[in-house]
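Undergrad:
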Amino acid sequence: MFKNDQSAYGFRTMAIHAGKCASSDTGALALPIYATTSFGYGDFDSGERRFAGVERGFLYSRFSNPTVQVFEQKMALLEGGETALAASSGMAAICAALFGLLSAGDELIFVGTLYGGTLGVMQTLLPRMGVNVLGVKDVGELGNAITAKTKLVYVETPSNPTLEIIDLGAVAALAREHAVISIADNTFATPYLTRPIDLGIDIVVHSATKYIGGHGDATGGVVIGSKQHIELIRTAGVKQFGGCMSPQDAFLFVRGLKTLPLRMEAVCDSALAIAQALHRHPLVEQVFYPGLAAHAGHDIAARQMKKFGGILAFTLRGGKANARRFLNQLMVITQAVSVGDVDSLACHPASTTHSAVPAEVRLQQGVTDQLIRLSVGIEDLSDLLTDIYAALAALTLE
Ligand SMILES: Cc1ncc(COP(=O)(O)O)c(C=O)c1O
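Every position in the sequence shown, counted from 1, becomes a number in my numbering once 512 is added.
1. Suppose you measure from the CA of P708 to the CA of L541; what does that come to, to the nearest Å?
2. Assuming contact is defined by CB atoms lying nearer than 9 Å, are G647 and P861 in contact in what I supplied?
3. Which two residues bound the contiguous alpha helix (DSSP H) that contains Q816?
4. Under a three-way DSSP split, which group does T721 fall into?
5. Taking buried to mean at least 16 other C-beta atoms within 10 Å of its own C-beta, is N698 buried or exposed?
6. Looking only at its chain, what residues have a beta carbon closer than 6 Å to the beta carbon of A806, apart from the 5 residues adjacent to it on each side?
7. How would you call A825, buried or exposed, if buried means at least 16 neighbouring beta carbons within 10 angstroms?
8. Give me the residue from L620, A871, S887 with the minimum Cα distance to G726.
9. Restricting to Cα atoms, I'd like to know which of V692, A701, L613 is closest to I745.
10. Can you list, in chain order, the residues of its chain whose CB lies under 7 Å from that of G831, leaving out five sequence neighbours each side?
11. What residues in its chain sit with their C-beta under 6 Å from that of P673, if we drop five residues either side in the sequence?
12. Quick check on the burial criterion: 16 or more other C-beta atoms within 10 angstroms. Buried or exposed for M603?
13. Can you tell me whether DSSP reads E653 as helix, strand or coil?
14. Can you name the residues that DSSP bridges to L824?
15. Relative to the alpha-carbon of G728, which residue among G559, D892, A848 has its alpha-carbon at the smallest distance?
16. Ligand 1 heavy atoms versus the CB of F583: any closer than 8 Å?
17. Between F622 and ligand 1, is there a pair consisting of the residue's CB and a ligand heavy atom that are separated by less than 8 Å?
18. Can you give, in chain order, each stretch of the beta strand (DSSP E) that sits fully within the stretch 726-809 and has at least 3 residues?
So this is what it looks like as structure tokens:
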């Protein structure tokens with residue numbers, strides 16, 4: 513029988529088999545979808561014991577569901593964490609973690625740049641609930657910023673959309689020293705490239721919508737960490753706020769994870785080649801890709817990532833007008849705001865993902881009007897390069 517033990521097998525084997533149901537009535541190889549809201553508990557006493565948490569067993573799918581539980585176990589094993597909680601989206605997972613752990617009067621510090629949605633929660637909702645939020649530029653500023661009230665340190669690496677790299681080991685060491693909980697959004701790297709918990713981070717969050725699903729057909733999120741943390745997060749995030757994952761989506765995520773290593777290898781190789789091509793092009797002002805030696809976080813990325821990821825960003829000469837022209841010329845690459853799909857997707861973050869972020873904060877975060885984000889898919893690299901060169905050839909400099 514499969515051991516469900518990360519030390520016994522390689523990542524590709526774990527991606528296929530980890531979390532497998534130990535027992536199945538039918539011998540079905542594909543994960544059964546338990547499309548049920550409720551689970552009969554037999555008799556009065558059993559119901560009482562299950563609600564009191566002294567008897568194992570499912571009760572209601574908002575609390576837990578067998579299909580969703582397999583996804584949770586698989587993610588915990590792949591990330592090297594004790595346990596996991598699945599949620600209805602990446603934002604539901606992030607909010608579950610934040611609202612499950614923070615109380616009024618606490619302080620949260622985030623380091624570097626963050627996805628616009630996360631930034632929105634930190635700048636609007638958390639302060640309204642009495643949590644003080646502070647952003648610091650880099651890890652060098654973090655040590656001095658931590659106070660007795662600091663409860664959480666939050667990072668995203670590589671960050672969306674500017675691909676900033678944060679030294680996870682350094683963040684984890686500072687957090688431990690000050691008895692602060694550390695959280696890393698590992699959406700862009702995935703556990704195939706980086707395992708933050710191995711580097712000392714306490715909690716990992718993901719938008720499973722991206723590489724974990726990989727096909728752009730399911731929205732979900734997941735939080736991985738210790739049993740103690742995840743219990744608090746489960747109570748707030750899915751039992752109380754109700755942001756649970758559906759069993760149908762959990763099935764798609766479990767299926768998606770099986771090809772994660774293969775997809776990541778393909779997108780990392782193509783993204784590096786595209787980043788190098790853009791870096792050499794005269795109409796490209798700057799390329800943000802941690803795989804380029806010129807990237808400020810290259811050395812740290814080389815240490816903490818297996819490869820450099822499938823997402824890059826770049827600025828074009830000629831401002832927003834050329835960004836618009838470039839995007840409108842693309843034929844193979846689709847204009848859309850997600851990332852991590854098998855299809856290549858490109859967007860203009862300033863007018864889309866970060867449009868709700870106040871202009872000065874957006875600019876501080878490096879989201880300028882000429883910035884384009886590209887999530888590289890698994891199409892033929894030659895077709896992607898042809899598409900990009902043709903779009904660049906259509907640009908003019910006024
Ligand atoms: C890094 C990162 N974290 C979290 C999210 C939110 O995920 P979701 O859209 O699944 O809620 C996103 C979405 O783009 C993201 O890029």
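We treat Cβ as the ideally placed atom computed from N, Cα and C, and that holds for glycine.
TA: On the basis of the coordinates in this document:
1. For the purposes of this step, residue 708 is taken as residue 196 along the sequence shown, with counting starting at 1. For the purposes of this step, residue 541 is taken as residue 29 along the sequence shown, with counting starting at 1. Cα to Cα, P708 sits roughly 31 Å from L541.
2. Taking the sequence shown and counting its residues from 1, one reaches residue 647 at position 135. Taking the sequence shown and counting its residues from 1, one reaches residue 861 at position 349. No, the pair does not count as a contact, with Cβ atoms beyond the cut-off.
3. Within the sequence shown, residue 816 is the residue found at index 304, counting from 1. Here the alpha helix (DSSP H) through Q816 covers 810-816.
4. Reading the sequence shown from its first residue, position 209 is the one you call residue 721. In the three-state reduction of the DSSP assignment, T721 falls in the coil class, being assigned neither a helical nor a strand state.
5. As a working mapping, residue 698 is identified with position 186 in the sequence shown. Answer is buried; the Cβ neighbour count reaches 16.
6. The residue you call residue 806 lines up with position 294 of the sequence shown. So the list is empty, once near-sequence residues are dropped.
7. Indexing the sequence shown from 1 puts residue 825 at position 313. Buried, by the Cβ-count rule.
8. One-based indexing of the sequence shown puts residue 726 at position 214. Nearest C-alpha to G726: S887.
9. On the sequence shown, residue 745 is found 233 positions in, with the first residue counted as 1. Of the listed residues, the one whose Cα sits closest to I745 is L613.
10. For the purposes of this step, residue 831 is taken as the residue at position 319 of the sequence shown. These residues qualify, in order along the chain: D881, Q882.
11. As a working mapping, residue 673 is identified with position 161 in the sequence shown. Contacts found: A825, P861, R885.
12. Counting from one through the sequence shown, the residue named residue 603 turns up at place 91. By the 10 Å Cβ count, M603 comes out buried.
13. Looking up residue 653 in the sequence shown gives position 141. Looking at E653 - three-state DSSP - the assignment turns out to be helix.
14. Numbered from 1 along the sequence shown, position 312 holds the residue referred to as residue 824. In the DSSP assignment, L824 forms a beta bridge with L886.
15. Taking the sequence shown and counting its residues from 1, one reaches residue 728 at position 216. Closest by alpha carbon: A848.
16. Here residue 583 refers to the residue found at position 71 of the sequence shown. Because no heavy atom of ligand 1 lies under 8 Å away, the Cβ of F583 does not count as near it: no.
17. Within the sequence shown, residue 622 is the residue found at index 110, counting from 1. The answer is no for F622.
18. Whole beta strand (DSSP E) segments, 3+ residues: 733-737, 796-800.
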